[in-house]
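Novice: Just so you know, numbering that gives the first Met the number 0 puts 135 at position 136 of the sequence shown, and the rest follows in order with no gaps.
Below you'll find the structure I mean.
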Amino acid sequence: MNKSQLLNFVDEILTEKIQNLQKLIEETRASSNDTKSSMGDKYETGREMLQQEINNLQIQLNGFSNSLNILKNINPVPHQSVGLGSLIQTEKGKFFIAVSLGEIVFEKEKIFIISAESPLAKAMHGLKKNDIFSINNVNQAIKNVW
C-alpha cells in the first residue's frame with residue numbers, strides 16, 4: 000500500500016468536507032439575511048438559531064482545517080516504530096495515525112484514520128513490528144509498521 004496515495008486520499012476527503020461546510024455556512028448566512036430583510040424584528044429568535052447553526056458549522060470547519068494542516072505536515076516515509084504518519088497492521092485491522100477521521104475504504108481495504116492523541120495511538124506509540132500492546136484489557140500484536 001502506497002502511503003503517499005493514502006495521504007492524498009485523506010487530503011481529498013478533508014478538502015471535500017471543508018468545501019461542503021463552507022458552502023453550508025454561506026447558504027445559512029444567506030438564509031439568515033433573507034429572514035432579516037423580509038421578516039423584521041419579530042423573528043429575532045429564528046435569526047439567533049441560524050446564527051448558532053453558523054457558529055457550530057464554523058467550529059466544525061476550524062476542526063477540519065486544523066486536521067488538514069496536520070495532514071499536510073506528515074512525511075510519508077516508512078516508519079520502523081509507531082508515531083504520527085505510521086500505517087499499522089494489527090490483528091484487528093489497519094490504522095493510519097494522522098487525524099481523527101474514522102473508517103475509510105482505500106484500495107478496497109478498510110483503514111481507520113486515527114489521531115495521534117487517541118487512546119489507541121497512544122497505546123501503540125513507539126512500538127515496533129511484533130510488539131504487543133493492550134487496549135481495553137485486550138492484547139494485540141503489531142504485525143507491521145510502514
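For every residue, glycine included, the Cβ atom is placed at its ideal position computed from N, Cα and C.
Whole angstroms is fine: what's the gap from Lys-121's alpha carbon to Pro-77's?
Specialist: When rounded, the distance between both Cα atoms is 19 Å.
Novice: What does the alpha-carbon distance come out to for the pair Asn-129 and Gln-139?
Specialist: Spanning the two alpha carbons is a distance of roughly 10 Å.
Novice: Excluding sequence positions up to five away, which residues of its chain have a Cβ less than 8 Å from the Cβ of Gly-82?
Specialist: Here the set comprises Ile-96, Ala-115, His-124 and Gly-125.
Novice: Quick one, which of Phe-63, Leu-119, Gln-59 and Trp-145 has its alpha-carbon nearest Val-137's?
Specialist: Here the closest residue by C-alpha is Leu-119.
Novice: Hey, how far is the Cα of Leu-100 from the Cα of Phe-111?
Specialist: Leu-100 and Phe-111: Cα-Cα distance of roughly 8 Å.
Novice: Could you give the uninterrupted runs of the beta strand (DSSP E) lying entirely in the stretch 46-109, keeping only those of 3 residues or more?
Specialist: With a minimum length of 3 residues, the continuous beta strand (DSSP E) runs that stay inside the stretch 46-109 are 86-89, 93-97 and 101-105.
Novice: Could you check the C-alpha separation between Ile-113 and Val-98 for me, to the nearest Å?
Specialist: In a straight line, the C-alpha of Ile-113 is about 5 Å away from that of Val-98.
Novice: Is Ile-58 buried or exposed, if buried means 16 or more other CB atoms sit within 10 Å of its CB?
Specialist: Its Cβ having fewer than 16 others within 10 Å, Ile-58 is exposed.
Novice: Assuming the contact rule is C-beta atoms closer than 8 Å, Ser-66 and Val-144 should be a hit. Round their C-beta distance to whole Å, please.
Specialist: With 8 Å as the limit, Ser-66 and Val-144 do not qualify as a contact, their Cβ atoms being about 22 Å apart.
Novice: Just to confirm before moving on: does the CB-CB distance between Leu-20 and Leu-56 stay below 9 Å?
Specialist: The answer is yes: Cβ separation under 9 Å.
Novice: Would you list the residues sitting across from Ser-197 in a DSSP beta bridge?
Specialist: The requested residue 197 does not occur in the structure, where the chain is confined to residues 0 to 145.
Novice: Can you list, in chain order, the residues of its chain with a C-beta nearer than 8 Å to that of Ile-73? Leave out the 5 residues immediately preceding and following it.
Specialist: Answer for Ile-73: Leu-6, Leu-83, Gly-84 and Ala-97, listed in chain order.
Novice: Per the DSSP calculation, Phe-111 is bridged to which residue(s)?
Specialist: For Phe-111, which the question treats as bridged, DSSP gives the partners Phe-94 and Glu-102.
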